[in-house]
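Q: One structure follows; several queries about it will come next.
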Amino acid sequence: MQNSNNTADIISTVEFNHTGELLATGDKGGRVVIFQREQESKNQIHRRGEYNVYSTFQSHEPEFDYLKSLEIEEKINKIRWLPQQNAAYFLLSTNDKTVKLWKVSERDKRPEGYNLKDEEGRLRDPATITTLRVPVLRPMDLMVEATPRRVFANAHTYHINSISVNSDYETYMSADDLRINLWNFEITNQSFNIVDIKPANMEELTEVITAAEFHPHHCNTFVYSSSKGTIRLCDMRASALCDRHTKFFEEPEDPSNRSFFSEIISSISDVKFSHSGRYIMTRDYLTVKVWDLNMENRPIETYQVHDYLRSKLCSLYENDCIFDKFECVWNGSDSVIMTGSYNNFFRMFDRNTKRDVTLEASRENSKPRAILKPRKVCVGGKRRKDEISVDSLDFSKKILHTAWHPSENIIAVAATNNLYIFQDKVN
Amino acid sequence: MVGGLKRKHSDLEEEEEEEERWEWSPAGLRSYQQALLRISLDKVQRSLGPRAPSLRRHVLIHNTLQQLQAALPLAPAPALPPEPLFLGEEDFSLSATIGSILRELETSMDETEPPQNPVAPLSLQNEVPPQPDPVFLEALSSRYLGDSGLDDFFLDIDTSVVEKEPAWAPPEPPHNLFCAPGSWEWNELDHIMEIILGS
């Protein structure tokens, strides 16, 4: 959709709202773009609603911390929608340091016929006013405005990686590398610290928080993942500071796969509860894992995203790709999971049939109404005609952010500075 | 950023192919480990910049460095050596470099211990800047909100070239050890000369 080589346009987060009517993207330049699905018209029943730009606004600006001589990037790390409670839409957007609550609302009428102001808004000379009239609302072209309603600042020393709205809709949490804070939407000058893993001596630091999320139904429960491949589930009723976990999820290491990179590739880049709340899904460098909340010692399912990279870890360490943070998502019924890879490939795994598919998001392959063709990576031996060899993969084309419509088979895939929206084929 | 330095890349690819064929000679393993060490140290150096470095990335690289250091048969485990061990010329410089960087990270946290210049051959000083970078280290420091750490912040900045008299009296001599006009020793001598001439 955007066709520039400007790094500010690199999409850094994608999120559908709770109904799927809206899709928000955040980018490296601190902007938020919201797409709205067009209403399906009765005349064209076979044509699914398309997403068009609804609102664009600058959420965060670059800042400079003079005390520490550090730049604070305006890049939007995460966007999370609040459930809709009135005509307006609300979302949280965050960069490394500051979370903001935005209200997005429509205006399609404007008042006309003021007594004290003229049509341009200039004050009228009171001496010239001889009659009194009641202003009326007249229709105008639809205007969508975004206003910042709350700014939650100065609560994070380290970089914010996650935000998550609680199911009570009154609170949310923000997580940085070492701490997690709980906020009330109404209160911006105070937050409660609920997790703190900062050691007394920073030299002893060996593990950071990588992602965190509230349980979809239990407002007292949340999980957070770490750079050592562990997940902790915490209950806020147990104590104010949730330094002790209620559950600890970790898979024992496979000794045959041990290497200098074992820890780096075990680092969890994303954690997501299933819609049902019974499972969590984690993404590490090479796999996606599904865990049952009742079983802490190993995942119930493990899916290989791009195992052919296992023999390339040293090169991927050298060029920094090994630190890429891929996200993962569930479909609405928790039966399919999706995550991105390199070369603009993304992968879907059907948990029931155990089938998986690799697809590509690129201009060449995606004319409107075109059907995506499955792709295959050739790992050795003879390469078939349509296959691509591991050495030909473009590691600069990475799909880190994807989203799945809450109830339909519509997915949004961010490929660097382009957004692709794919829908199920309609007969 | 894909590929990195061409020469090293092909070296590593060779190593990786060897890994696949399970033909690890001790020399091959050793050179692989040293290549990883070089890359890791390079990353630590390059994570300096105007933006606060990613703590996650730093921790992962640091943990990997510790593993490598432990695996190198002649280097001791994570505890820092008081002085670099003579391991053979190449190992000497690598160990010293890790040691110096880890030591500087440690001293930036500890307010009481002044940062010391690691004893290292002159060639090493050309590759590795001896001063800890305050921007990088600040990110790790627990004194993030600047309550008491500002003095340490300025310890490594030698402002003697630009000032007539030292505005902050440094608690110890600056790191460039030669006595140049404008340096604090020069000012001291000036001061002494004035006193002598005055009397």
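Chains as they are written, first to last, in the working numbering: chain A, 1 to 427; chain B, 1001 to 1199. Don't be surprised by glycine CBs; every beta carbon is placed ideally from N, CA and C.
Name the chain B residues that come within less than 9 angstroms of Tyr308(A), Cβ to Cβ?
A: Counting from one through the first sequence, the residue named residue 308(A) turns up at place 308. Simply none; closest approach about 12 angstroms.
Q: Buried or exposed: which applies to Ser126(A), given that a residue is buried once 16 or more other Cβ atoms fall within 10 Å of its Cβ?
A: Counting from 1 along the first sequence, the entry for residue 126(A) is found at position 126. For the sequence presented, residue 126(A) should be read as Pro rather than Ser. Exposed, by the Cβ-count rule.
Q: From Ser256(A) to Ser262(A), what distance separates their C-alpha atoms?
A: Working through the first sequence from its first residue, we reach residue 256(A) at position 256. Working through the first sequence from its first residue, we reach residue 262(A) at position 262. The alpha-carbon atoms of Ser256(A) and Ser262(A) are separated by roughly 11 angstroms.
Q: Kindly list, in the order they appear in chain A, the residues whose Cβ is closer than 9 angstroms to that of Gln1034(B).
A: To locate residue 1034(B), count along the second sequence from 1; it is residue 34. In chain order: nothing, as chain A lies at least about 12 angstroms away.
Q: Can you find a CB in chain A that lies within less than 8 angstroms of the CB of Ser1054(B)?
A: Working through the second sequence from its first residue, we reach residue 1054(B) at position 54. Output row for Ser1054(B): interface = yes.
Q: So if DSSP puts Arg138(A) in a beta bridge, which residue, or which two residues, is it bridged to?
A: Mapped onto the first sequence, residue 138(A) falls at position 138. According to DSSP, Arg138(A) bridges with Arg110(A).
Q: Exposed or buried, Arg110(A), counting other C-beta atoms within 10 Å across all chains shown (16 or more means buried)?
A: Residue numbering aside, residue 110(A) sits at position 110 when the first sequence is read from its first letter. Classification for Arg110(A): exposed.
Q: Given this structure, state the Cα-to-Cα distance separating Asn297(A) from Ser1047(B), to the nearest angstrom.
A: Along the first sequence, read from residue 1 onward, the residue named residue 297(A) stands at position 297. Along the second sequence, read from residue 1 onward, the residue named residue 1047(B) stands at position 47. Taking the straight line from one Cα to the other gives about 36 angstroms.
Q: Determine, for Phe323(A), whether the minimum Cβ-Cβ distance to residues of chain B falls below 8 angstroms.
A: Sequence index remark: in the first sequence, residue 323(A) carries index 323 (1-based). Answer yes: the Cβ-Cβ gap between Phe323(A) and chain B drops below 8 angstroms somewhere.
Q: For Val1044(B), decide whether its Cβ has a neighbour in chain A, counting only Cβ atoms nearer than 8 angstroms.
A: Looking up residue 1044(B) in the second sequence gives position 44. It does not: the Cβ of Val1044(B) has no partner Cβ on chain A nearer than 8 angstroms.
Q: I'd like to know if Thr282(A) contacts chain B, where contact means its C-beta is closer than 8 angstroms to some C-beta of that chain.
A: For this step, residue 282(A) is matched to residue 282 along the first sequence. Not one chain B Cβ lies under 8 angstroms of Thr282(A).
Q: Are there three or more Cβ pairs, one per stretch, closer than 8 angstroms when the segment 366–374 of chain A is compared with the segment 332–341 of chain A?
A: No, the segment 366–374 of chain A does not touch the segment 332–341 of chain A.
Q: How would you label Phe152(A), buried or exposed, when you count the other beta carbons within 10 angstroms and need 16 or more for buried?
A: If you number the first sequence from 1, residue 152(A) lands on position 152. Buried, by the Cβ-count rule.
Q: Thinking just about the alpha-carbon of each residue, which of Lys425(A), Val390(A), Thr246(A), Ile410(A) is nearest to the one in Lys376(A)?
A: Your numbering for residue 376(A) matches position 376 in the first sequence. Answer by Cα proximity: Val390(A).
Q: Would you kindly work out how many angstroms separate the C-alpha atoms of Ile180(A) and Ser174(A), rounded to a whole number?
A: Working through the first sequence from its first residue, we reach residue 180(A) at position 180. Working through the first sequence from its first residue, we reach residue 174(A) at position 174. Answer to the nearest angstrom: the Cα atoms are 6 angstroms apart.
Q: Closest to His245(A) by C-alpha separation, out of Asp254(A), Pro252(A), Glu251(A), Asp235(A), would be which residue?
A: Here residue 245(A) is taken as the residue at index 245 of the first sequence, counted from 1. Out of Asp254(A), Pro252(A), Glu251(A), Asp235(A), Asp235(A) has the C-alpha closest to the C-alpha of His245(A).
Q: Exposed or buried, which one is Val104(A) when buried takes at least 16 other CB atoms within 10 Å?
A: Position 104 of the first sequence holds residue 104(A). Buried: at least 16 other Cβ atoms inside 10 Å.
Q: Show which residues of chain A have a CB atom less than 9 angstroms away from the CB atom of Leu1037(B).
A: By 1-based counting over the second sequence, the position of residue 1037(B) is 37. None at all; the shortest Cβ gap to chain A is about 10 angstroms.
Q: Quick check: the Cα distance between Thr282(A) and Ser1054(B), rounded to an integer number of angstroms?
A: Taking the first sequence and counting its residues from 1, one reaches residue 282(A) at position 282. Taking the second sequence and counting its residues from 1, one reaches residue 1054(B) at position 54. Whole-angstrom Cα-Cα distance: 21 angstroms.
Q: Determine which residues of the segment 84–112 of chain A have a Cβ less than 9 angstroms from any Cβ of chain B, and write them out in chain order.
A: Cβ contacts with chain B come from Asp96.
Q: Taking C-beta to C-beta, are Ile10(A) and Asn417(A) nearer than 8 angstroms?
A: Numbered from 1 along the first sequence, position 10 holds the residue referred to as residue 10(A). Numbered from 1 along the first sequence, position 417 holds the residue referred to as residue 417(A). Closer than 8 angstroms, so yes.
Q: Return no unless some Cβ of chain B is closer than 8 angstroms to the Cβ of Val136(A).
A: Counting from one through the first sequence, the residue named residue 136(A) turns up at place 136. No, Val136(A) lies away from the interface with chain B (no Cβ there is under 8 angstroms from its Cβ).
Q: Looking at chain A, is there any beta carbon in it that lies within less than 8 angstroms of the beta carbon of Arg1057(B)?
A: What you label residue 1057(B) is simply residue 57 of the second sequence in a count that begins at 1. So yes, Arg1057(B) belongs to the interface.
Q: Determine the chain A residues that contact Gln1069(B) at a beta-carbon separation under 8 angstroms, and present them in chain order.
A: The residue you call residue 1069(B) lines up with position 69 of the second sequence. Chain A residues near Gln1069(B): none, gap ~11 angstroms exceeds 8 angstroms.
Q: Please report the residue range of the alpha helix (DSSP H) in which Arg1056(B) lies.
A: For the purposes of this step, residue 1056(B) is taken as residue 56 along the second sequence, with counting starting at 1. Note, Arg1056(B): alpha helix (DSSP H), 1055–1071.
Q: Around the Cβ of Lys398(A), are there at least 16 other Cβ atoms within 10 angstroms (buried) or fewer (exposed)?
A: In the first sequence, counting from the first residue as 1, residue 398(A) sits at position 398. So Lys398(A) ends up on the buried side.
Q: So, Val329(A) versus Trp404(A), is the Cβ gap smaller than 8 angstroms?
A: One-based indexing of the first sequence puts residue 329(A) at position 329. One-based indexing of the first sequence puts residue 404(A) at position 404. Yes; because the gap between Cβ atoms is below 8 angstroms, this pair is in contact.
Q: Against Glu327(A), what residues of chain B qualify as contacts under a CB-to-CB distance less than 9 angstroms, listed in chain order?
A: Locating residue 327(A) in the first sequence gives position 327, where the first residue counts as 1. Under the 9 angstroms cutoff, chain B gives no residues; its nearest Cβ is about 15 angstroms from Glu327(A).
Q: By alpha-carbon positions, which one of Ile129(A), Glu21(A), Arg149(A), Ile268(A) ends up nearest to Tyr285(A)?
A: As a working note, residue 285(A) is residue 285 in the first sequence. For the residues Ile129(A), Glu21(A), Arg149(A), Ile268(A), the minimum Cα distance to Tyr285(A) belongs to Ile268(A).
Q: Pull the bridge partners of Asn418(A) from the DSSP assignment, please.
A: Along the first sequence, one-based indexing puts residue 418(A) at 418. Looking at the DSSP assignment, Asn418(A) forms a beta bridge with Ala415(A).
Q: So Glu408(A) and Arg351(A) are supposed to be a Cβ contact under 8 angstroms. How far apart are they, rounded?
A: As a working mapping, residue 408(A) is identified with position 408 in the first sequence. As a working mapping, residue 351(A) is identified with position 351 in the first sequence. The Cβ separation is near 18 angstroms, so there is no contact.
Q: Pull out every residue of the segment 239–267 of chain A whose Cβ sits closer than 7 angstroms to any Cβ of chain B, in chain order.
A: For the segment 239–267 of chain A, which is checked against every Cβ of chain B, the residues closer than 7 angstroms are Phe260, Glu263, Ile264, Ser267.
Q: Taking Cβ positions only, does Ala1079(B) come closer than 8 angstroms to chain A?
A: The residue labelled residue 1079(B) in the question sits at position 79 within the second sequence. The pLDDT assigned to Ala1079(B) is 41, lower than 50, so where the model puts this residue is not dependable, and the model offers no usable value.
Q: For Ile1061(B), which residues from the same chain have a beta carbon less than 7 angstroms from its beta carbon, with the 5 sequence-adjacent residues on both sides left out?
A: Within the second sequence, numbered from 1, the residue matching residue 1061(B) stands at position 61. Within the same chain, Ile1061(B) has close Cβ partners Ser1040, Lys1043, Val1044.
Q: Note down, in chain order, every chain A residue with its Cβ under 8 angstroms from the Cβ of Leu1060(B).
A: On the second sequence, position 60 is the one that residue 1060(B) refers to. Correct list: Ser227, Glu263, Ile264, Ser267, Phe323.
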